[in-house]
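The numbering of the sequence shown is the working numbering, which starts it at 2 and goes up by one.
Accompanying notes for the structure given below.
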Amino acid sequence: MNNQIVSVDLGSNSFRVLKYDCLNHQIISEHNEVVGMADGLVDTGIISKEAIARVIKAINHSIEIINYNPKEAICVTTAAMRKASNSQEVLECLKKETQLDFKIIDGDEEARLTLLAVKYALKREKIESDNFILLDIGGGSTEIIVNCNENYQAKSFDFGIVTMTQKYLKSNDLQKDLENRKSEIKLFLDSLNIDFKKFPFVATAGTPTTIAAIKLGQDFFSYDRNIVNGITVNLEDLSFCLNILKNSSKDEITKLVGKGRVEFIEVGILIYKTIFEVFNKKESIVLDDGLREGVAINYCLTKCKD
């Protein structure tokens with residue numbers, strides 16, 4: 002049996018591909034691109050033709066770079082496709098044009114697969130991983146997972162860096178909405194009746210990894226996930242990044258965070274800061290591993306057993 006698998010995660014803003022070694026649980030190669038699939042989604046309720054064209058271009062590019070058979074890849078897509086009224090039409094188009102067969106997964110499955118990846122990552126980084134809180138800030142949704150040994154509770158919240166940015170780009174209601182989101186998250190946490198004081202706060206996805214990279218003196222072009230993984234960031238690091246953003250030109254910010262992320266990074270940091278406050282935490286462990294790794298590991302555990 003072939004012990005290699007390719008997993009594809011088509012998110013609201015990012016497109017991520019991974020070639021994974023099931024036997025040794027190691028990444029062979031990876032490719033990431035910003036595709037802006039959720040651009041205009043808040044206003045129109047649909048995935049635009051322009052966004053579809055960007056996704057198709059990114060898929061074809063990834064096939065060249067990673068060298069994989071699109072018919073054999075395990076492909077998932079998340080919040081933007083869950084929300085779009087033309088999602089089935091878009092999926093049919095992508096399959097016809099690229100042969101990638103995407104499955105829309107719900108927030109619960111997204112949380113389960115992301116948690117699976119993070120558990121493996123914590124073990125790899127030799128970080129105690131029995132009890133922890135996990136945050137995954139996406140483009141169209143935000144998942145919070147509370148892991149207690151072999152059990153976990155998860156909730157997907159209907160906001161992300163892209164949708165929140167689009168919604169409040171021309172208004173001053175962002176802080177008010179973040180306060181409302183804080184109350185919503187607190188209700189979920191209170192319902193669990195757990196003392197979180199000794200639970201490490203773990204965060205994955207683009208915003209936390211960008212902050213960790215900036216803290217390490219990296220930029221988008223020198224980003225090294227192996228160095229970022231396991232790094233701790235604190236509230237001062239978030240303030241430092243916000244200050245850099247306020248005092249830098251668009252070109253300087255693009256060099257730091259990458260094209261297609263410039264307009265969303267500030268809102269991402271503010272969401273991250275809000276979660277820090279809800280958890281009453283002063284620091285957070287950052288990991289690059291997320292959904293696409295979870296999809297690959299899940300496949301390895303269920304399909305590659307001898």
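Where a beta carbon is used, it is the ideal one built from N, C-alpha and C, also for glycine.
The structure presented is a predicted model; accordingly, all values stated were derived computationally and were not measured.
Nearest-angstrom Cβ-Cβ length linking residue i and residue j, presumed shorter than 8 Å
i	j	result
E294	L19	6 Å
A155	I298	Rounded, the Cβ-Cβ distance is 17 Å, inconsistent with contact.
E267	L288	E267 to L288, Cβ: 22 Å. No contact.
S250	G140	Not confirmed; about 24 Å, so no contact.
F200	F103	Actually they do not touch by this definition, with Cβ atoms about 34 Å apart.
I128	T208	Going by Cβ atoms, the distance from I128 to T208 rounds to 20 Å, so no, they are not a contact pair.
F280	F158	That belief does not hold up - the Cβ atoms of F280 and F158 are roughly 14 Å apart, past 8 Å.
L101	V163	With a Cβ gap of about 22 Å, L101 and V163 do not count as contacting.
Delimiting residues of the alpha helix (DSSP H) encompassing residue i
i	result
T99	S88 to T99
R55	K50 to S63
N227	R226 to V229
N244	L236 to K247
I162	I162 to Y169
K274	V263 to F280
Through-space distance from residue j to residue i, alpha-carbon basis
i	j	result
K304	N4	10 Å
K124	I212	22 Å
L135	E110	15 Å
A74	F265	29 Å
V147	I64	36 Å
N244	I272	16 Å
G291	G161	16 Å
R17	Q176	30 Å
Y300	N68	19 Å
A214	V91	34 Å
A39	F202	28 Å
L11	P71	14 Å
A204	I6	25 Å
I60	S13	15 Å
M2	S30	Confidence in M2 is poor, its pLDDT being 46 and thus under 50, which makes the residue's placement too unreliable to answer from.
I228	E237	20 Å
K44	D174	Sequence inspection shows Asp at residue 44; the Lys mentioned does not correspond to that position. Roughly 17 Å between the two C-alpha positions.
K120	E126	10 Å
R113	R83	17 Å
T233	V77	29 Å
A206	L239	15 Å
I337	N181	The structure shown does not extend to residue 337, since the chain spans only 2 to 307, so no value can be given for it.
G46	N235	36 Å
Q167	I105	23 Å
K58	S49	14 Å
For residue i: DSSP bridge partner residues
i	result
D137	E144 and T205
I298	DSSP, once it has assigned bridges, lists no residue as partnering I298.
R17	D10 and N33
F103	C76
Q219	DSSP lists no partner for Q219.
I28	Y21
N68	Paired residue(s): none; N68 is not in a bridge.
N132	C149
T233	I286
Span of the beta strand (DSSP E), counted from its first residue to its last, around residue i
i	result
Y121	No beta strand (DSSP E) holds Y121; the alpha helix (DSSP H) holding it covers G108 to R125.
Y153	N152 to F158
L179	From DSSP, L179 is part of no beta strand (DSSP E) but of the alpha helix (DSSP H) over L175 to L193.
S285	E284 to L288
Discussion item. Could you check whether the region 87-102 touches the region 143-161, counting it as contact only if at least three pairs of C-beta atoms, one from each stretch, sit closer than 8 Å?
Written reply: Cβ pair count under 8 Å is below three, so no.
Item to complete: Please determine if the region 271-286 and the region 219-227 are in contact, where contact requires at least 3 C-beta pairs separated by less than 8 Å.
Response: no
Worksheet item: Okay, do the region 247-264 and the region 25-36 touch, 3+ Cβ pairs below 8 Å being the bar?
Response: yes
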